[in-house]
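Reading through the structure tokens given below for one structure.
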């Protein structure tokens, strides 16, 4: 972690990190409509996915979230764990001036990082034909969740059906990281309940809270997520 990182943000978490000299870094700007322009400042060094597990430990849920192409090998399989992949980094490419653009071969890029029975997350800004990618993943027995910013999210199930969920009302301040927050919340709640609808509602509340503050200040607590859900249900 960066030496300037405020370690208080990790209070109560069991963090087992792997040292790295350089990680992928971006410069983001947003226009009045919320559209993002992104430049890759550093690709980062190749990372090996080494689980820091104690003997007998099996995670309830695993979420891979590469920021760019730092994972050069396909993710490890945890046979007894709910496993998800946030694909936004995998679906990125860059121009000669390092401006981030969608990967020219999204099906190939995504297929390297998903396995049947896993959950895949990406946004409608990550690739030119997001619904086509989602339906392809679902046909490969991957549960695909397409996030759409203030328009909510669409769940593409393994039987070929799709269900859209509207976003919860929010006052956006900084959308950076909201997708990762959504994915993390979804995985946690799905591992707890094994219910897709419950997990979607929980994740949408987490995403709404995440955009209302800048940086890690937007990371919501469980209590805040449940309070937002209850407020919207009232």
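Residue numbers (my numbering): 38 to 271. We put the CB at the ideal spot given by N, CA and C, even for glycine.
The C-beta separation of residue 215 from residue 247 comes to about 4 angstroms, placing the pair in contact by the 8 angstroms criterion. Counted as a single uninterrupted DSSP element, the beta strand (DSSP E) harbouring residue 138 occupies residues 137-139. From the listed residues 130, 194 and 121, the smallest Cα separation to residue 225 is found for 121.
The continuous stretches of beta strand (DSSP E) do not include residue 225, which lies in the alpha helix (DSSP H) extending over residues 215-230.
Counting only the Cα atoms, residue 139 lies some 6 angstroms from residue 128. Beta bridge pairing from DSSP links residue 65 with 75.
With 16 or more other Cβ atoms from the protein chains shown falling within 10 Å of its own Cβ, residue 221 counts as buried. Each residue's CA atom was taken as its position, placing residue 136 and residue 47 some 32 angstroms apart.
If you look at residue 46, you'll find it isn't in any alpha helix (DSSP H); DSSP assigns it neither H nor E. With contact defined as three or more Cβ pairs closer than 8 angstroms, the segment 63-81 and the segment 90-106 are in contact.
The residue from 164, 196, 177 and 176 with its alpha-carbon nearest to that of residue 183 is 164. The beta carbons of residue 243 and residue 218 sit closer together than 8 angstroms.
If you look at residue 233, you'll find it in the alpha helix (DSSP H) that goes 233-247. Where residue 169 is concerned, the enclosing alpha helix (DSSP H) starts and stops at 167-176.
Look at the beta carbons and you see the segment 189-207 not touching the segment 85-104: under three pairs across the two are nearer than 8 angstroms. Annotation: the continuous beta strand (DSSP E) that includes residue 130 extends over 129-131.
Residue pairing by DSSP puts residue 182 in a beta bridge opposite 158 and 192. For residue 207, no alpha helix (DSSP H) run applies, since DSSP gives it neither H nor E.
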